[in-house]
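Structure first, then comments.
Number of protein chains: 2
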Amino acid sequence: MLLTDSRDIYRQSECIRRQITTARLRSRTSSCLDGSVMASSLISRQFAFSLQKNLRLSAPGNIVSKAAPKTQVEFDYDGPSMKTSVPGPRSEELTKQLGHIQNVGAINFFCNYEESRGNYLVDVDGNRMLDIYTQISSIPIGYTLVNRPALGILPPENFPEKLTESLVSVAPSGMTRVQTMACGSCSNENAYKAMFIWYRYEMFASSGIVSLTSLFVSQSPGCPELSILSFMGGFHGRTMGCLATTHSKAIHKLDVPSFDWPIAPFPRLQYPLEEFTRENAQEEARCLEEVEDLIVKWRQKGKPVAGVVIEPIQAEGGDNHASSDFFRGLRDIARKHGCAFHVDEVQTGGGTTGKMWAHEHWGMEDPADIVSFSKKLLTGGYYHKDEFQADKPYRIFNTWMGDPSKNLILSEVLNVIRRENLLEEVTALGRC
Amino acid sequence: MLLTDSRDIYRQSECIRRQITTARLRSRTSSCLDGSVMASSLISRQFAFSLQKNLRLSAPGNIVSKAAPKTQVEFDYDGPSMKTSVPGPRSEELTKQLGHIQNVGAINFFCNYEESRGNYLVDVDGNRMLDIYTQISSIPIGYTLVNRPALGILPPENFPEKLTESLVSVAPSGMTRVQTMACGSCSNENAYKAMFIWYRYEMFASSGIVSLTSLFVSQSPGCPELSILSFMGGFHGRTMGCLATTHSKAIHKLDVPSFDWPIAPFPRLQYPLEEFTRENAQEEARCLEEVEDLIVKWRQKGKPVAGVVIEPIQAEGGDNHASSDFFRGLRDIARKHGCAFHVDEVQTGGGTTGKMWAHEHWGMEDPADIVSFSKKLLTGGYYHKDEFQADKPYRIFNTWMGDPSKNLILSEVLNVIRRENLLEEVTALGRC
Numbered sequence: 000m001l002l003t004d005s006r007d008i009y010r011q012s013e014c015i016r017r018q019i020t021t022a023r024l025r026s027r028t029s030s031c032l033d034g035s036v037m038a039s040s041l042i043s044r045q046f047a048f049s050l051q052k053n054l055r056l057s058a059p060g061n062i063v064s065k066a067a068p069k070t071q072v073e074f075d076y077d078g079p080s081m082k083t084s085v086p087g088p089r090s091e092e093l094t095k096q097l098g099h100i101q102n103v104g105a106i107n108f109f110c111n112y113e114e115s116r117g118n119y120l121v122d123v124d125g126n127r128m129l130d131i132y133t134q135i136s137s138i139p140i141g142y143t144l145v146n147r148p149a150l151g152i153l154p155p156e157n158f159p160e161k162l163t164e165s166l167v168s169v170a171p172s173g174m175t176r177v178q179t180m181a182c183g184s185c186s187n188e189n190a191y192k193a194m195f196i197w198y199r200y201e202m203f204a205s206s207g208i209v210s211l212t213s214l215f216v217s218q219s220p221g222c223p224e225l226s227i228l229s230f231m232g233g234f235h236g237r238t239m240g241c242l243a244t245t246h247s248k249a250i251h252k253l254d255v256p257s258f259d260w261p262i263a264p265f266p267r268l269q270y271p272l273e274e275f276t277r278e279n280a281q282e283e284a285r286c287l288e289e290v291e292d293l294i295v296k297w298r299q300k301g302k303p304v305a306g307v308v309i310e311p312i313q314a315e316g317g318d319n320h321a322s323s324d325f326f327r328g329l330r331d332i333a334r335k336h337g338c339a340f341h342v343d344e345v346q347t348g349g350g351t352t353g354k355m356w357a358h359e360h361w362g363m364e365d366p367a368d369i370v371s372f373s374k375k376l377l378t379g380g381y382y383h384k385d386e387f388q389a390d391k392p393y394r395i396f397n398t399w400m401g402d403p404s405k406n407l408i409l410s411e412v413l414n415v416i417r418r419e420n421l422l423e424e425v426t427a428l429g430r431c
Numbered sequence: 000m001l002l003t004d005s006r007d008i009y010r011q012s013e014c015i016r017r018q019i020t021t022a023r024l025r026s027r028t029s030s031c032l033d034g035s036v037m038a039s040s041l042i043s044r045q046f047a048f049s050l051q052k053n054l055r056l057s058a059p060g061n062i063v064s065k066a067a068p069k070t071q072v073e074f075d076y077d078g079p080s081m082k083t084s085v086p087g088p089r090s091e092e093l094t095k096q097l098g099h100i101q102n103v104g105a106i107n108f109f110c111n112y113e114e115s116r117g118n119y120l121v122d123v124d125g126n127r128m129l130d131i132y133t134q135i136s137s138i139p140i141g142y143t144l145v146n147r148p149a150l151g152i153l154p155p156e157n158f159p160e161k162l163t164e165s166l167v168s169v170a171p172s173g174m175t176r177v178q179t180m181a182c183g184s185c186s187n188e189n190a191y192k193a194m195f196i197w198y199r200y201e202m203f204a205s206s207g208i209v210s211l212t213s214l215f216v217s218q219s220p221g222c223p224e225l226s227i228l229s230f231m232g233g234f235h236g237r238t239m240g241c242l243a244t245t246h247s248k249a250i251h252k253l254d255v256p257s258f259d260w261p262i263a264p265f266p267r268l269q270y271p272l273e274e275f276t277r278e279n280a281q282e283e284a285r286c287l288e289e290v291e292d293l294i295v296k297w298r299q300k301g302k303p304v305a306g307v308v309i310e311p312i313q314a315e316g317g318d319n320h321a322s323s324d325f326f327r328g329l330r331d332i333a334r335k336h337g338c339a340f341h342v343d344e345v346q347t348g349g350g351t352t353g354k355m356w357a358h359e360h361w362g363m364e365d366p367a368d369i370v371s372f373s374k375k376l377l378t379g380g381y382y383h384k385d386e387f388q389a390d391k392p393y394r395i396f397n398t399w400m401g402d403p404s405k406n407l408i409l410s411e412v413l414n415v416i417r418r419e420n421l422l423e424e425v426t427a428l429g430r431c
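Chains U and S, in that order, are what the protein sequence lines are.
Residue 268 in numbering that gives the first Met the number 0 is what sits at position 269 of the first sequence, and the numbering runs on without skipping anything.
Residue 307 in numbering that gives the first Met the number 0 is what sits at position 308 of the second sequence, and the numbering runs on without skipping anything.
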């Protein structure tokens with residue numbers, strides 16, 4: 000029994016099937032399929048109790064559940080059991096809810112991970128299915144008390160609620176959509192992809208008209224020569240896309256191939272600010288002019304700038320600040336030239352500037368198209384405007400898409416920040 | 000008081016300092032510095048208990064500690080307290096232990112996260128320090144019952160032991176070193192970087208002699224035109240470096256700029272295998288010949304192949320297998336041309352083929368230079384030979400470097416696999 004009829008899943012299971020050659024499906028002792036062979040009756044009671052005792056974790060899907068976890072005995076399922084069509088009504092309702100926050104095109108259904116055991120995955124409509132897909136092959140020995148779901152396809156029941164309580168509750172101005180990722184680099188990598196996809200869609204109204212061959216060999220027009228404009232001194236991560244926009248320390252980039260993307264100067268302000276008003280205004284104007292020149296130049300080169308990425312305060316690259324006027328000017332230039340504007344708040348987000356997001360200090364209604372985060376938000380990810388959601392599922396995707404247990408902890412952290420008025424506290428102490 | 004005298008940390012704290020302009024260090028009510036302002040006395044007792052109750056997680060550093068967590072009251076530290084020089088003797092001992100597994104050049108000291116509270120970080124030698132670095136700005140409200148350490152600089156005390164029990168205990172042949180990462184894509188991105196760094200080191204005996212300017216602007220010679228050879232149908236992830244080697248489905252690559260790297264054909268075998276012995280041998284020979292041609296061609300193009308990456312079984316790209324002879328031949332070609340050989344076991348690792356690593360089926364003593372993993376191993380990362388450890392710290396680096404709680408769960412999973420003889424079970428069921 001397959002979980003869904005998707006071709007991906009079929010291929011996946013086909014692969015595993017051949018891998019272990021002639022395996023036969025067995026009803027109670029479990030099949031030889033992928034993780035399943037290590038699950039089901041093979042999950043010993045001792046292991047379940049040992050995990051429960053040592054880790055004191057319940058399933059991430061229901062980590063705050065008030066119900067005491069049932070014992071392994073009650074979960075000795077002896078076969079599938081279907082109650083509704085799949086996805087059932089509860090899954091459809093939750094998919095609709097999550098659709099307000101994320102692309103849900105890849106969601107199969109929502110799961111009840113607390114009820115899932117061995118190779119049986121239970122959905123939120125009470126359907127119990129033999130799972131040969133094992134969360135895109137990421138569950139090593141079947142469902143136990145500790146599970147990490149593949150959030151993009153099989154999220155836990157409380158995922159929309161926990162996202163709403165945590166990340167959505169502190170979304171930057173103009174953004175109601177958020178995509179979680181595992182770390183800061185992955186967040187920026189995927190934000191860049193979202194900008195490339197958006198840019199091509201804007202250019203061609205549809206991004207579908209390209210040669211398939213060019214795609215398989217990583218060449219234009221399928222893989223176009225687009226660029227991201229970044230700033231000297233900027234730090235956006237160390238994976239290869241991010242690293243092409245990182246210019247903080249030479250050692251980070253040494254020996255790693257990169258892209259021919261434009262790099263603008265970040266203003267070098269003189270202090271004390273009140274003594275250098277004119278000089279600093281000139282410096283910021285010079286940098287903005289250079290940005291505009293680079294955008295034009297790279298367009299002429301045939302490598303148009305799809306997006307501009309900047310940190311509100313450069314940290315890794317020194318300690319570089321710019322005025323709100325500079326950022327407002329930059330945002331206008333990006334808009335004028337049809338470039339997306341990505342504010343990287345991996346370092347500055349989370350409240351240390353007295354606002355949840357440092358860019359709030361600019362006082363703009365439409366500060367950015369994309370805001371990425373990680374670190375103090377405990378999970379990585381990025382917020383984006385509606386039009387930056389990829390047109391199809393699986394374009395912004397990976398196996399885990401973050402970790403739901405981090406959203407849960409974040410939601411407690413945000414409660415503390417609110418209850419203790421920590422943003423006001425930072426502002427007051429910062430003034431004293 | 001700074002944790003260490005590193006310039007990075009100084010800059011970091013400098014940045015935060017200016018961010019909140021004129022903040023003054025206060026002894027008991029905590030400073031305004033970064034996370035600190037949200038920590039210390041501001042961590043309410045209620046929050047500590049609420050987290051304890053809801054999440055039932057202890058600090059990852061000591062998640063299996065048998066000692067009952069102390070209450071918040073006992074942790075109301077009123078100042079720093081130094082017992083030894085930093086790093087102290089216990090930290091030095093653990094650094095030495097971890098040095099057998101990883102690059103430890105960036106480690107400041109080892110931490111006791113269970114004893115750390117508010118803005119006070121306690122190390123394994125009992126030194127209590129005011130923490131203004133907050134795990135590279137990734138602790139939102141100071142130390143609580145749930146902490147996620149920046150593993151590359153401030154690992155928990157049990158990190159070497161947990162790595163040894165989990166990942167090191169199942170290291171592939173010839174590899175004793177392992178680098179953890181948050182997900183599969185990050186694992187491959189960093190494995191590619193390790194191959195580039197190694198390749199340049201092999202070429203030039205030292206990778207230090209390049210123009211700094213070229214590095215800051217992402218150009219050669221600092222950022223050289225090196226390449227990774229991959230295979231049609233291969234899947235290695237979706238971040239930009241990985242995506243350049245992914246050729247499974249067109250939609251994954253659409254609209255995203257890529258690198259001009261060589262792509263070889265993966266054998267297309269005919270089934271049943273016993274009826275097509277000659278044809279399949281010819282097909283594999285053709286593919287190997289093409290690999291060698293591409294390596295030569297790309298060297299002539301000035302984009303030499305630093306590494307070859309391949310999956311033991313292609314899954315995302317269909318269900319494509321090749322014989323052990325093919326892989327042995329490929330490994331020899333890589334060696335002959337001075338290219339690193341990277342086996343991507345993100346999908347195939349973890350036991351589903353009846354061996355912990357699918358490449359063990361090839362029966363080679365020296366199967367690979369790098370083996371990457373994620374999914375069923377619960378944490379991402381890659382194993383590597385000694386010579387693939389970067390010469391300097393911070394070259395393979397990010398804030399979290401994975402998540403130690405996953406190593407802990409993995410170690411329990413491996414216990415089950417051993418206790419229940421699951422690898423033998425897979426093999427037996429696969430034959431029946």
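Just so it is clear, CB atoms sit at the ideal spot from N, CA and C, and this is done for glycine as well.
- Residues of chain S with a Cβ closer than 9 Å to the Cβ of residue 104/U do not exist, since the nearest Cβ in that chain sits about 12 Å away.
- Distance between residue 298/S and residue 84/S, taken at the CA atoms: about 51 Å.
- If you draw a 10 Å sphere on the C-beta of residue 88/S, you find fewer than 16 other C-beta atoms in it, and that means exposed.
- DSSP, reduced to helix, strand and coil, places residue 417/S within a helical segment of the structure shown.
- Per DSSP, the continuous alpha helix (DSSP H) segment holding residue 324/U begins and ends at 323–335.
- Those residues of the region 389–405 of chain U placed with their C-beta closer than 7 Å to a C-beta in chain S are 391, 393, 394, 396, 397, 398 and 399, ordered along the chain.
- Taking a Cβ-Cβ cut-off of 9 Å, the neighbours of residue 192/U in chain S comprise 237, 238, 239, 242, 254 and 255, given in sequence order.
- Going by DSSP, residue 129/U is part of the beta strand (DSSP E) stretching over 127–129.
- Judged by DSSP secondary structure, residue 304/U falls within the beta strand (DSSP E) whose first and last residues are 304–309.
- Looking at the backbone, the Cα of residue 153/S and that of residue 271/U are separated by about 35 Å.
- In the DSSP assignment, residue 369/U falls within the beta strand (DSSP E) that extends over 369–372.
- Proximity of chain U to residue 346/S at the Cβ level (cut-off 7 Å) is accounted for by 136, in chain order.
- Identification of chain U residues near residue 81/S by a Cβ-Cβ cut-off of 9 Å yields none; the smallest Cβ-Cβ distance measures about 26 Å.
- When the Cα atoms are used, residue 210/U and residue 378/U turn out to be separated by approximately 37 Å.
- CA-CA distance, residue 143/S to residue 232/S, rounds to 46 Å.
- Distance from residue 366/S to residue 334/S at the Cβ level is roughly 11 Å; contact not present, criterion being Cβ atoms closer than 8 Å.
- The region 121–189 of chain S contains, as complete beta strand (DSSP E) runs of 3+ residues, the segments 127–129 and 176–180 (chain order).
- When DSSP states are grouped into helix, strand and coil, residue 98/U belongs to the helix group.
- By the criterion of a C-beta distance shorter than 8 Å, residue 137/S is surrounded in its chain by 147, 149, 398 and 399, once the five residues flanking it on both sides are discounted.
- DSSP, read as helix, strand or coil, puts residue 342/U in strand.
- The beta carbon of residue 114/U is closer than 7 Å to those of 121 in its chain, skipping five residues each way along the sequence.
- Secondary-structure assignment with DSSP links residue 226/U through a beta bridge to 304/U.
- Per DSSP, residue 383/S is not a residue of any alpha helix (DSSP H); the beta strand (DSSP E) it occupies stretches across 379–383.
- With a threshold of 16 other beta carbon atoms within 10 Å, residue 351/S meets it and is buried.
- In this structure, the beta-carbon distance from residue 141/S to residue 117/S falls below 8 Å.
- The C-beta of residue 367/S comes no closer than 8 Å to any C-beta of chain U.
- Legend: CB atoms of the region 153–187 of chain U lying less than 7 Å from CB atoms of chain S belong to residues 181, 182, 183, 184 and 185.
- Taking C-beta separations shorter than 7 Å and ignoring five residues to either side along the sequence, the partners of residue 187/U in its chain run 235, 236, 241, 343 and 371, following chain order.
- Nearest neighbour of residue 302/S by Cα position, chosen from 402/S, 360/S, 228/S and 341/S, turns out to be 228/S.
- Residues of chain U whose Cβ lies closer than 8 Å to the Cβ of residue 309/S do not exist, since the nearest Cβ in that chain is about 15 Å away.
- Cβ-Cβ distances below 7 Å link residue 327/S to 361 and 363 in the same chain, with the five nearest sequence neighbours on each side left out; the list follows chain order.
- Following the DSSP letters along the chain, one finds residue 239/U inside the alpha helix (DSSP H) bounded by residues 239–242.
- Within the region 211–234 of chain S, those residues whose Cβ lies closer than 8 Å to any Cβ of chain U are, in chain order, 211, 214, 215, 216, 217, 218, 221, 222, 223, 224, 225, 226 and 231.
- Chain-ordered, the chain S residues with CB closer than 8 Å to the CB of residue 249/U read 211, 214, 215 and 221.
- Chain S places no beta carbon closer than 8 Å to that of residue 264/U, leaving this residue out of the contacts.
- Counting the other CB atoms within 10 Å of its CB gives residue 295/S a total below 16, which places it among the exposed residues.
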